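Have a look at the structure below before the remarks.
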Amino acid sequence: MMLRFIFIQILFIAFVSASAANNGYLLEKDSPCKVWWTGNTYKVMRDDPVPTKKGKVVIQSARNEAEGFQLVLSPETDLNNISVSISDFNDQSGNSISSENVTIRLVEYVNIAKPSGIYHHAGWYPDPLPLYEKPFDAKAGENRPLWFTVKVPENAVPGKYTATISLKLAEREMLIPVGLEIWDFAIPDVPYMRSAFNLYSGLVKQYHNLETKEELKQVIDHYFQSFREYRISPQEIFDQYPIRKTVKGVKWTGGTFDPETVFAGKYSYQVNDNSVRANVCGTGAELIKVNPKHPYLLKWWAKTPKNGQQYVVTVKSYDANRKQIYWQLQGLIYGGSTEWKQDSLFLDPVNPLDVEGLIVSRPIPDNAEFVSVHLYPHMPLKNGQQTGTVWFDNLSFVDVTTGENLLPYGDFEQDINELNLEIDFSEFDFAAHKYLDDFGFTGFRFKVPELRQGPYLGRKTGWFNGFINGTEEYKKLMTLFLGGLQDHLEENGWLGKEYLYWIDEPKHEDYEFVREGMKTIQTVAPKLTRFITENNPGPEIMDVTDIGCPVLVKFDPEKSKKWMEQGREMWSYLMCWPKNPHVNLFIDADAINMRMWLWMSYRYNLTGILVWSSNVWNAEGCSPPGVLQNIWEDPMTYKDSYGAPVGGGMEFGNGDGMFFYPPNRDPNNDKTKYLRGPVPSLRLEIMREGIDDYDYMILLEKCIENADSGQKGLVSKARKLLSFGTEVFTNDSVYTKDPEVLMNYRKQMGELLEQFNRVSRK
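Okay, structure coming up:
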């Protein structure tokens with residue numbers, strides 16, 4: 001019985017949320033519209049009761065910090081054309097902070113028709129925060145919150161300031177005083193907590209109705225400004241500004257130089273087509289100069305995985321300007337064998353190829369000056385659905401008249417001395433100076449697709465322009481590429497901002513593949529930062545990465561301790577799972593969650609946070625063709641994979657991977673070109689508060705480190721504050737739902753940091 005009672009108590013602690021009304025303060029009760037305020041870690045529901053206790057609007061902030069509060073209108077009758085403004089903040093010494101430092105947003109609601117989980121609930125939840133740009137209306141019996149954010153300048157004079165909110169409604173002006181206390185310390189421009197939130201540029205282009213690359217770059221820049229405002233960093237900073245690399249000295253493209261299946265020499269050429277959307281073929285990197293009056297004989301050895309498998313060899317013709325001559329294709333279908341087998345194609349300069357009275361191909365046209373050879377592992381069809389694999393070796397293209405082999409590189413042997421890589425950093429540098437240097441983003445994801453498996457049938461291994469990991473050519477290219485990247489980043493002061501996040505949530509059976517890729521990085525560019533996300537983190541893989549990032553619920557402080565002591569970083573991420581009662585990122589969940597994530601991160605010595613996306617507004621396979629999901633009406637994140645049939649989708653949760661709303665509220669009918677930024681969410685505001693809290697904690701740590709003997713009392717208080725315990729959280733499913741617990745700690749930290757700062761100046 002006692003165990004059952006304890007279990008019920010734990011459930012009560014885990015599920016009961018703090019009400020904004022219970023922690024709000026009444027400002028005006030005698031008008032047809034009651035007005036009250038509450039803090040920045042509450043979700044004011046439409047039907048929350050008006051608080052009865054009175055209290056003035058007072059907020060506290062460090063210098064260089066953005067601090068918010070909510071002003072709530074609770075009208076008894078419908079109100080129209082409500083307008084709001086705020087004055088400058090002034091202190092008694094004549095110092096002021098301009099009202100331009102204050103942002104006013106409307107708190108809007110989304111309808112949660114499908115709760116995120118069994119312990120979540122349907123209803124209207126606050127989340128979108130569009131800018132207040134014009135007068136608005138309020139319905140009788142429904143709360144109408146406004147979100148105020150005050151950005152305190154870094155050079156602001158500490159002290160107590162006041163401003164006045166002017167609220168005009170029902171032919172009446174209501175003046176509401178606002179108190180602001182500025183503590184005498186500043187948080188840094190660049191937060192101590194690193195972050196990685198993906199942004200899908202393709203969805204931005206769709207929902208903003210953009211047409212050109214320049215328009216997309218312009219709008220992405222607006223999004224990045226919002227990232228900066230909320231003190232988070234995008235993963236894909238260089239999506240529109242790539243590093244351009246060109247491999248030189250490789251004579252073939254489209255296939256793989258295979259060291260494991262050869263007829264003669266070191267390599268054969270494997271052409272593997274596992275795509276059902278395109279025809280993959282191997283072809284020479286350079287056109288072959290020909291005389292159309294000469295006969296040519298194309299010979300090769302080939303092998304296929306199955307006897308009788310069809311493969312195709314074709315020859316295309318080009319004019320003097322190297323433009324393809326269409327309707328002029330030579331080629332045949334061949335039957336493959338599991339043993340190496342020789343075949344050929346004769347190009348007759350006079351007679352067309354006739355099959356049962358039908359002309360299949362004609363001689364090389366008279367205006368042709370060049371040809372190219374194409375090697376297909378199947379019959380190439382228009383829809384590209386055919387798949388297959390074929391190996392070629394000792395291929396020659398002989399001019400029968402002269403006896404010259406015009407394909408001396410048809411043996412597929414590579415001269416490593418000719419192999420080179422040209423890297424163009426110009427676009428990358430432009431973006432890096434802006435977003436790393438000026439915006440202060442804490443890092444960027446570098447995917448390195450060359451570490452992933454390419455179009456190669458064989459062991460799972462890295463692939464770079466036709467060469468697989470383990471070959472000297474692959475190592476040379478990776479050394480030139482990653483070594484060149486390492487040197488370039490170091491020269492420009494960006495080294496350490498990168499994280500090579502090239503594989504996501506690897507399974508245990510992929511650990512050997514992960515080890516191989518991580519070893520490659522360590523060998524060719526040891527200063528670059530390796531990164532891995534782990535849904536099932538295990539100590540057997542942590543030794544190969546510099547940053548480990550498990551889903552928060554799977555983080556094990558004890559297992560990770562020894563790796564962190566060796567200098568490795570640990571981050572965490574939130575995703576579609578788990579749901580309540582765990583800390584999560586869903587709209588239909590407790591407001592405190594996004595802030596609690598950062599408090600837990602501090603306690604666990606985590607240095608970064610990650611979410612797989614910030615704008616998953618649509619899953620293409622879940623909607624009819626050409627139809628976009630409207631997340632203003634349905635904020636559920638769907639995923640068109642994980643075994644779901646076309647037209648259906650896995651429900652990830654409301655707001656999962658979605659912290660921004662598109663300004664287009666009717667994406668299927670409104671074709672306006674939106675050259676502006678996104679609408680942020682209430683969850684972003686709360687998460688920024690947590691990021692600021694984390695800064696307070698790190699600043700206190702630095703004060704402890706730098707304290708002298710005269711600051712022992714302050715040091716003792718600081719250590720006690722930073723040793724918060726179960727009153728804040730026990731684990732990720734048992735934690736306080738009352739934001740005032742965190743706010744009280746924050747207030748004590750702010751006052752203590754101010755004392756440290758003043759004592760240090762003395």
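Every letter in the sequence shown is one number past the one before it in full-length UniProt numbering, and letter 331, counting from 1, is 331.
Every residue gets a Cβ at the ideal spot worked out from N, C-alpha and C, and that includes glycine.
From a predicted model like this one, the values you see are computed outputs, not experimental measurements.
Here the C-alpha atom of residue 715 lies approximately 6 Å from the C-alpha atom of residue 704. Looking only at 31, 50, 40, 32, the smallest Cα-Cα distance to residue 25 is reached by 50.
Nearest to residue 125 by C-alpha distance, out of 300, 109, 593, is 109. The Cβ neighbour count for residue 430, taken over all protein chains shown within 10 Å, is under 16; the residue is labelled exposed. DSSP assignment within the segment 370-423 yields the following whole beta strand (DSSP E) runs of 3 residues or more, N-terminal first: 370-376, 388-399. Spatial neighbours of residue 677 in its own chain (CB-CB distance under 8 Å, excluding positions within 5 residues in sequence) are listed in chain order as 219, 222, 223, 225, 226, 663. Per DSSP, the beta bridge partners of residue 353 are 361. Contact between residue 345 and residue 371 does not hold, since their C-beta atoms are separated by about 12 Å, which reaches or exceeds 8 Å. Between the segment 386-394 and the segment 250-266, the count of Cβ pairs shorter than 8 Å is three or higher; the stretches touch. Distance from the CA atom of residue 347 to the CA atom of residue 357, rounded to whole angstroms, is 18 Å. The three-state reading of DSSP puts residue 658 in strand, counting E and B together. By the CB criterion at 8 Å, residue 283 and residue 272 fall outside the cutoff.
The alpha carbon of residue 249 has as its nearest neighbour, out of 324, 396, 413, the alpha carbon of 413.
Contact between residue 317 and residue 349 does not hold, since their C-beta atoms are separated by about 12 Å, which reaches or exceeds 8 Å.
DSSP places residue 632 outside both helix and strand once states are collapsed to three, so it counts as coil. Take residue 28, set aside five residues on each side of it, and the residues of its chain with a beta-carbon closer than 7 Å to its own are 34, 35, 174, in chain order. As the crow flies, the alpha-carbon of residue 452 is around 25 Å from that of residue 426. Around residue 674, the same chain offers 208, 663, 664 as residues with beta carbons nearer than 6 Å, after the five sequence neighbours per side are excluded. Counting of Cβ neighbours within 10 angstroms places residue 144 among the buried residues, the total reaching 16 or more. Beta-bridge analysis with DSSP links residue 703 to no other residue. Residue pairing by DSSP puts residue 650 in a beta bridge opposite 639. Scanning its chain for C-beta atoms nearer than 6 Å, with the 5 sequence neighbours on each side dropped, one finds around residue 614 the residues 197, 199, 659, 660, in chain order. Relative to residue 520, the option among 589, 649, 697, 482 whose CA is nearest is 482.
Contact between residue 680 and residue 630 does not hold, since the beta-carbon distance rounds to 18 Å and is not under 8 Å. Closest by C-alpha distance to residue 343, out of 298, 376, 375, is 298.
Note that the C-beta distance between residue 79 and residue 137 is below 8 Å. Residue 323 has no beta-bridge partner at all, per DSSP.
Residue 24 carries a coil assignment under DSSP once its states are collapsed to helix, strand and coil. In the DSSP assignment, residue 505 falls outside any alpha helix (DSSP H), carrying neither H nor E.
Spatial neighbours of residue 254 in its own chain (CB-CB distance under 7 Å, excluding positions within 5 residues in sequence) are listed in chain order as 271, 280, 281, 282, 283. Remark: fewer than three beta-carbon pairs, one from each stretch, lie closer than 8 Å, so the segment 574-592 and the segment 617-634 are not flagged as touching. Residue 83 sits exposed, since fewer than 16 C-beta atoms from the chains shown fall within 10 Å of its C-beta.
Along the length of the segment 201-264, whole beta strand (DSSP E) runs at least 3 residues long occupy 244-248, 256-258, reported in chain order. Note: residue 299 is bridge-paired with 344, 396 in the DSSP secondary-structure output. Sorting 590, 383, 152 by C-alpha distance to the C-alpha of residue 63 places 152 at the top. Of 497, 514, 499, the smallest CA-CA separation from residue 505 is found for 514.
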